[in-house]
Amino acid sequence: MIAEITISPIPNQTTSFSIGTDLIELTLETRLGNIFATVKQNSEYLVCNRICRNLTYICRWLVFLDIEGNSDPQYSGLGSHYKLVWNDGI
């Protein structure tokens, strides 16, 4: 299954979404010009403060895609220039 995760172009945010029976909690924080992700699945940490890079998986099946080129995500382009995708179909 491939699903786009809705995120906003703001520097720091927390969102949650369901994938099957799992509740995923995602926190994105901007520091030093980079975005860092913390991900919990059913209240259990999968990753803490992982730097976000284009086409590099944050955890298991969660990845940022630059749809306009090949740059690492910046908060101002979240949701438009940079899409966050859950892809467990690999």
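full-length UniProt numbering numbers the first residue of the sequence shown as 1 and each following residue consecutively.
For each residue, glycine too, the CB sits at the ideal point set by N, CA and C.
Since this is a predicted model, take the numbers as computed values, not measurements.
Residue i by DSSP, collapsed to three states: which one?
{"i": "serine 71", "result": "coil"}
{"i": "serine 80", "result": "coil"}
{"i": "aspartate 88", "result": "coil"}
{"i": "leucine 32", "result": "coil"}
{"i": "cysteine 59", "result": "strand"}
Residue i: which of the options sits nearest, CA to CA?
{"i": "isoleucine 35", "options": "Pro73, Gln41 and Gly89", "result": "Pro73"}
{"i": "valine 63", "options": "Gly69, Cys52, Asn70 and Ser71", "result": "Cys52"}
{"i": "alanine 86", "options": "Ser71, Gly33, Leu55 and Gln13", "result": "Correcting the residue type first, residue 86 is tryptophan in the shown sequence and not alanine. Answer by Cα proximity: Leu55."}
Answer yes or no: do residue i and residue j have a C-beta to C-beta separation smaller than 7 Å?
{"i": "alanine 37", "j": "isoleucine 5", "result": "no"}
{"i": "glycine 79", "j": "serine 18", "result": "no"}
Against chain C, does residue i count as a neighbour if the rule is that its beta carbon must be under 7 Å from one of theirs?
{"i": "valine 63", "result": "The question asks about chain C, but that chain is absent: this structure has only one protein chain."}
Measuring only the C-alpha atoms, how far is residue i from residue j?
{"i": "asparagine 12", "j": "lysine 83", "result": "16 Å"}
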